[in-house]
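Numbering (the working numbering), first residue to last: 29 to 210. Beta carbons: idealized from backbone N, C-alpha and C, even for Gly.
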Amino acid sequence: MPRKNRLWREGSILHITVRGNRKEDIFKSVEDYCVYLRNLHHAVKFYNNEFEILSYCLMTNHIHLQIETKSVHIKKLMCRINTFYAKYFNNKYDYHGHLFQGRYGSQIIDSDSYILEASRYISLNPVRANIVEKPEDYEWSSYSMLIGKKKEKLIKSDRILSYFIQSRKRELYRMYVESAIR
């Protein structure tokens, strides 16, 4: 029986999740995180910037991506990223079988409030997992770029930050995210 196609619309924003098979680790070293992010960057370029990464967080055994699509279906980007990374991981660790637990998950973000809520949820993942106390301390998340602590790489913060007063957008975004910690 064929699988159902993922819901997708041209110009949509999606919350993508990818989990390790049996919830096992998909990142075991700093190099692994770097390879995944580099691969994500190359895949976006391969598709001529038909995708914009709004936020991301790479956890030990799963991934969160907030992606805005243009006219290319998200499945093409995800297939390219996950296939390349699984081959890299399996070769490096002499791993056999599926690295990922099924297909990626995707949720269409259909409102302005959901764009912000998904970004906050993604940014707070390492805090809720008790890995760090402050979200900007987690190295494999876009949060420190969104608040201006690190130079932006890979992400396009304009969409998320456009909901805040421009003169204080990064500060106000930080307050919005961190208000959910208390």
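Item: Any non-hydrogen atom of the ligand MN within 7 angstroms of valine 160 CB; Value: This structure lacks the ligand MN, and indeed carries no ligand of any kind.
Item: Residue closest to leucine 182, alpha-carbon to alpha-carbon, out of His92, Leu82 and Ala208; Value: Leu82
Item: Glutamine 194, DSSP secondary structure in three states; Value: helix
Item: Reduced DSSP secondary structure (H/G/I, E/B, other) of tyrosine 84; Value: strand
Item: Sheet register partners of glutamate 96 (DSSP bridge); Value: Ile41 and Glu80
Item: Same chain, Cβ closer than 6 angstroms to tyrosine 171, neighbours up to 5 away in sequence not counted; Value: Ser151, Pro163 and Glu164
Item: Any 3 or more C-beta pairs closer than 8 angstroms across the segment 72–92 and the segment 100–108; Value: yes
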